[in-house]
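Below: one structure, written as structure tokens.
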Amino acid sequence: MSMLGYIKTIDSLFPNKEEMGLQTPADRTEYFTELWEQWEATEIDLKNQRGPELYGVRFQEWTPTEQLKEFAKKHNIKQFWEYQIRGNKVRFKSEDVALLFKLS
């Protein structure tokens, strides 16, 4: 990825970074770590999510993060701001969205 592409990606993830005081990576790390801690009640262990099955056989190429990203795109929720992934865990800002993800 070119430097220009990287800057556009950062700007799309953090459109109001100056207004929010999130100008440096350290600022963003601290802010989103605090959100992660606040969203503890909505944590879902992705290792326990089952992949799609066809005739009783689970697809090997499927990963839980793929399901999560499809879910996020479908429901128009933004990574970092409305959900965060760390390792095999995901946490959502909204308990309703977390429940909807569990049911999907």
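Everything in the sequence shown is counted per the working numbering, starting at 1312 for the first residue and increasing by one.
Ideal Cβ positions, reconstructed from N, Cα and C, are used throughout, including at glycine.
Kindly indicate the opening and closing residues of the alpha helix (DSSP H) around residue i.
i     : result
Q1395 : Per DSSP, Q1395 belongs to no alpha helix (DSSP H); it is in the beta strand (DSSP E), 1394-1397.
K1413 : 1406-1414
K1385 : 1375-1385
F1343 : 1336-1349
Can you tell me where the beta strand (DSSP E) holding residue i begins and where it ends?
i     : result
K1389 : Run containing K1389: none; DSSP gives neither H nor E here.
K1400 : 1400-1403
Give every residue of the same chain whose Cβ lies closer than 8 Å to the Cβ of residue i, excluding the five residues on either side of it in the sequence, and list them in chain order.
i     : result
D1356 : N1399, K1400
T1376 : L1357, I1396
Of the choices the options, whose alpha-carbon is the least far from that of residue i?
i     : options                    : result
K1404 : A1337, W1350, T1335        : W1350
L1333 : F1391, N1387, E1406, K1380 : F1391
K1358 : T1335, E1406, A1352, R1397 : R1397
Got a sec? Which residues, its chain only, sit under 6 Å from residue i by beta carbon, not counting five neighbours each side?
i     : result
F1412 : F1382
E1393 : K1404
F1343 : F1391
L1346 : none
Would you mind stating whether residue i and residue j have Cβ atoms separated by less than 9 Å?
i     : j     : result
E1354 : R1402 : yes
If you drop the 5 nearest sequence neighbours on each side, which residues of the same chain put their C-beta closer than 7 Å to that of residue i?
i     : result
S1415 : F1382
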